[in-house]
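**Q** The following block contains the structure, expressed as structure tokens.
2 protein chains.
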Amino acid sequence: MSGVPNLGDGGCRPVGLELRDVVRPSDVEAVGELVRATGVFAPYEVDVAVELVQERLARGVASGYWFVFAEGDGRMAGYACYGPIACTVGSFDLYWIAVRPNLQGLGIGRWLLGEVEARAGRDGGRRMYVETSSRGAYDATRRFYEKHGYVQEAFLADFYAPGDGKVIYSRALGGAGDAIRDV
Amino acid sequence: MSGVPNLGDGGCRPVGLELRDVVRPSDVEAVGELVRATGVFAPYEVDVAVELVQERLARGVASGYWFVFAEGDGRMAGYACYGPIACTVGSFDLYWIAVRPNLQGLGIGRWLLGEVEARAGRDGGRRMYVETSSRGAYDATRRFYEKHGYVQEAFLADFYAPGDGKVIYSRALGGAGDAIRDV
Numbered sequence: 453m454s455g456v457p458n459l460g461d462g463g464c465r466p467v468g469l470e471l472r473d474v475v476r477p478s479d480v481e482a483v484g485e486l487v488r489a490t491g492v493f494a495p496y497e498v499d500v501a502v503e504l505v506q507e508r509l510a511r512g513v514a515s516g517y518w519f520v521f522a523e524g525d526g527r528m529a530g531y532a533c534y535g536p537i538a539c540t541v542g543s544f545d546l547y548w549i550a551v552r553p554n555l556q557g558l559g560i561g562r563w564l565l566g567e568v569e570a571r572a573g574r575d576g577g578r579r580m581y582v583e584t585s586s587r588g589a590y591d592a593t594r595r596f597y598e599k600h601g602y603v604q605e606a607f608l609a610d611f612y613a614p615g616d617g618k619v620i621y622s623r624a625l626g627g628a629g630d631a632i633r634d635v
Numbered sequence: 453m454s455g456v457p458n459l460g461d462g463g464c465r466p467v468g469l470e471l472r473d474v475v476r477p478s479d480v481e482a483v484g485e486l487v488r489a490t491g492v493f494a495p496y497e498v499d500v501a502v503e504l505v506q507e508r509l510a511r512g513v514a515s516g517y518w519f520v521f522a523e524g525d526g527r528m529a530g531y532a533c534y535g536p537i538a539c540t541v542g543s544f545d546l547y548w549i550a551v552r553p554n555l556q557g558l559g560i561g562r563w564l565l566g567e568v569e570a571r572a573g574r575d576g577g578r579r580m581y582v583e584t585s586s587r588g589a590y591d592a593t594r595r596f597y598e599k600h601g602y603v604q605e606a607f608l609a610d611f612y613a614p615g616d617g618k619v620i621y622s623r624a625l626g627g628a629g630d631a632i633r634d635v
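Going line by line, the protein sequences match chains F and Y.
Here the first sequence is numbered in our numbering, starting from 453 and rising by one per residue.
Here the second sequence is numbered in our numbering, starting from 453 and rising by one per residue.
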């Protein structure tokens, strides 16, 4: 448990939760279970979420997949996966953020987002990008980002599938752009 | 050597060249040498080009990195790397295309692009995406795509670095969108 205080602008740490950024083999199953439990993601998307954990365990920090886990009583309440984008100076991507369904609405997602932004900024991040779907099922997701300072930068129609476009959001971070350019 | 006829709209096969889509261990060094020789790419970008070949050798077609090599007398004249984008139905990405400097202007790039588009279309590809830099050094690259039917879909200012934005182009392919959704 690193349990560092919240340095982002995303709000307070929810009561009873701690933050961990060390990735363990048991996270493979725990992340799969959590992402599946949200009910939002298709099986192949759950597979991708799990693969990012496996890739991180296999290649370490150099994988480019960095994690923060929110835990209470040793159980995962939510997590986020982010990292520096290869071949860029200070651009980061938020690959994944998910909160256990029965714990949503308590500010855990906001806390994780703030943590990720603060940590990326300390690591030289100038800008955080996040990509999501234009489908109605992701309305709440898009509102979540818009509420927390993310601005739509692009819309790629039919990117995910016919009628399912990709929306790219970004938000400025505090970093100086001195993150390593390729990890 | 597959040496298949050109099925794209990218023009004829340049005299004396054959196409190969099987990836060999010797391609790791050959791709690095070719990409380096273009003089356009920074060392960390050359590393990424090489890593895609290594990833393909390690994980096969499931890596999502598919290749076509243009060869004459057993020497690589140019190559392209493309593949289906995970979690999409029929969207493909052209990750890399490069032609040996002393062989540029002979239609090799156009031939490779047409081959990649035709092959992606046969594999269910609906749309090909390509990302490039907004910097002046990439003016010719952007003109190349625009000349071959690519339309700018998005511009992300300062994406690669301050003053170095990302331009996203796309072009419709003939595929029906029945490509495997996640490889």
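Every residue gets a Cβ at the ideal spot worked out from N, C-alpha and C, and that includes glycine.
Does the pairing of the stretch 525–545 of chain F with the stretch 593–604 of chain Y give three or more beta-carbon distances under 8 angstroms?
**A** no
**Q** Which residues in the same chain have their Cβ closer than 8 angstroms to the Cβ of residue 468 of chain Y, if we skip the five residues on either side of it in sequence?
**A** 524, 525
**Q** May I have the straight-line CA-CA distance separating residue 489 of chain Y from residue 552 of chain Y, to the nearest angstrom?
**A** Taken atom to atom, the span from the alpha-carbon of residue 489 of chain Y to that of residue 552 of chain Y is near 7 angstroms.
**Q** Closer than 7 angstroms, CB to CB, is residue 458 of chain F near chain Y or not?
**A** Only weak support is given to the placement of residue 458 of chain F: the predicted model assigns it a pLDDT of 37, under 50, and the value that follows is read from those uncertain coordinates. No - not a single Cβ of chain Y is within 7 angstroms of the one on residue 458 of chain F.
**Q** What residues in the stretch 475–496 of chain Y have a beta carbon less than 7 angstroms from any beta carbon of chain F?
**A** Cβ contacts with chain F: 496.
**Q** By the 9 angstroms beta-carbon criterion, what residues does the stretch 520–554 of chain Y contribute toward chain F?
**A** Within the stretch 520–554 of chain Y, the residues whose Cβ lies closer than 9 angstroms to some Cβ of chain F are 537, 538, 539, 540, 541, 542, 543, listed in chain order.
**Q** Is residue 621 of chain Y close to chain F, meaning its C-beta is less than 7 angstroms from at least one C-beta of that chain?
**A** Output row for residue 621 of chain Y: interface = no.
**Q** Assuming residue 608 of chain Y contacts residue 628 of chain F (C-beta within less than 8 angstroms), just tell me the rounded distance between them.
**A** No, residue 608 of chain Y and residue 628 of chain F are not in contact; Cβ-Cβ is about 19 angstroms, not under 8 angstroms.
**Q** I'd like to know whether the C-beta of residue 633 of chain Y is nearer than 7 angstroms to at least one C-beta of chain F.
**A** Confidence is the limiting factor: at residue 633 of chain Y the pLDDT is only 47, short of 50, which leaves the residue's position unreliable, though a coordinate-based value still follows. Chain F contact via Cβ: present.
**Q** Report the three-state DSSP secondary structure of residue 633 of chain F (helix, strand or coil).
**A** At residue 633 of chain F, the pLDDT of 47 sits below 50, so the modelled position is not reliable and the matter cannot be decided from this model.
**Q** Within the continuous alpha helix (DSSP H) that includes residue 610 of chain Y, where are the two ends?
**A** Membership of residue 610 of chain Y in any alpha helix (DSSP H) is not indicated; the residue belongs instead to the beta strand (DSSP E) covering 603–613.
**Q** What does the alpha-carbon distance come out to for the pair residue 530 of chain F and residue 465 of chain Y?
**A** Cα to Cα, residue 530 of chain F sits roughly 53 angstroms from residue 465 of chain Y.
**Q** Quick one: is residue 500 of chain Y near chain F, going by C-beta distance under 7 angstroms?
**A** yes
**Q** For residue 605 of chain F and chain Y, any beta-carbon pair shorter than 7 angstroms?
**A** yes
**Q** Helix or strand or just coil, what does DSSP make of residue 553 of chain Y?
**A** Helix.
**Q** Using only alpha-carbon positions, find the residue among F/528, F/625, F/481, F/622 that is nearest to residue 506 of chain F.
**A** F/481
**Q** For the beta strand (DSSP E) that residue 527 of chain Y lies in, which residues bound it at each end?
**A** Counting along the chain, residue 527 of chain Y sits inside the beta strand (DSSP E) bounded by residues 527–536.
**Q** Anything in chain Y within Cβ reach of residue 612 of chain F, meaning under 8 angstroms, just list it in chain order.
**A** 539, 540, 541, 543
**Q** Would you check if the distance between the CB atom of residue 484 of chain Y and the CB atom of residue 502 of chain Y is smaller than 7 angstroms?
**A** Residue 502 of chain Y is positioned such that its CB atom lies closer than 7 angstroms to that of residue 484 of chain Y.
**Q** Got a sec? Which residues, its chain only, sit under 7 angstroms from residue 515 of chain Y by beta carbon, not counting five neighbours each side?
**A** 507, 508
**Q** Verify the CB distance criterion: does residue 504 of chain F have a CB-CB separation below 7 angstroms to chain Y?
**A** no
**Q** Report yes if the CB atom of residue 626 of chain Y is closer than 7 angstroms to the CB atom of residue 557 of chain Y, and no otherwise.
**A** no
**Q** Going straight from the alpha carbon of residue 570 of chain F to that of residue 544 of chain F, what length do you get?
**A** Whole-angstrom Cα-Cα distance: 12 angstroms.
**Q** What runs of the alpha helix (DSSP H), each 4 residues or longer, lie entirely inside the stretch 456–512 of chain Y?
**A** DSSP runs (the alpha helix (DSSP H)) wholly in the stretch 456–512 of chain Y: 478–489, 495–511.
**Q** Note down, in chain order, all residues in the stretch 572–584 of chain F with a beta-carbon under 8 angstroms from any beta-carbon belonging to chain Y.
**A** 578, 579, 581
**Q** Suppose the cutoff is 6 angstroms on Cβ atoms and the five residues either side in sequence are ignored; what does the same chain contact list for residue 620 of chain Y look like?
**A** Cβ neighbours of residue 620 of chain Y beyond the five flanking positions: 583, 605, 606.
**Q** Within 7 angstroms (strictly less), CB to CB, does residue 455 of chain F reach chain Y?
**A** Note that residue 455 of chain F scores 35 on pLDDT, short of 50, meaning its location in the model is unreliable and no value can be drawn from it.
**Q** So that I know if they touch, is there some Cβ in chain Y lying closer than 7 angstroms to that of residue 509 of chain F?
**A** no
**Q** Please report the distance separating the alpha-carbon of residue 519 of chain F from that of residue 567 of chain F.
**A** 10 angstroms
**Q** Tell me the start and end of each unbroken alpha helix (DSSP H) in the stretch 558–599 of chain F that is at least 4 residues and wholly inside, in chain order.
**A** 560–574, 591–599
**Q** Excluding the 5 residues preceding and the 5 following residue 549 of chain Y in the sequence, name in chain order all residues of the same chain whose CB lies nearer than 7 angstroms to its CB.
**A** 532, 561, 564, 565
**Q** Suppose you measure from the CA of residue 587 of chain F to the CA of residue 477 of chain Y; what does that come to, to the nearest Å?
**A** 42 angstroms
**Q** Under 8 angstroms between beta-carbons, which chain Y residues line up against residue 629 of chain F? List them in chain order, please.
**A** 613, 614
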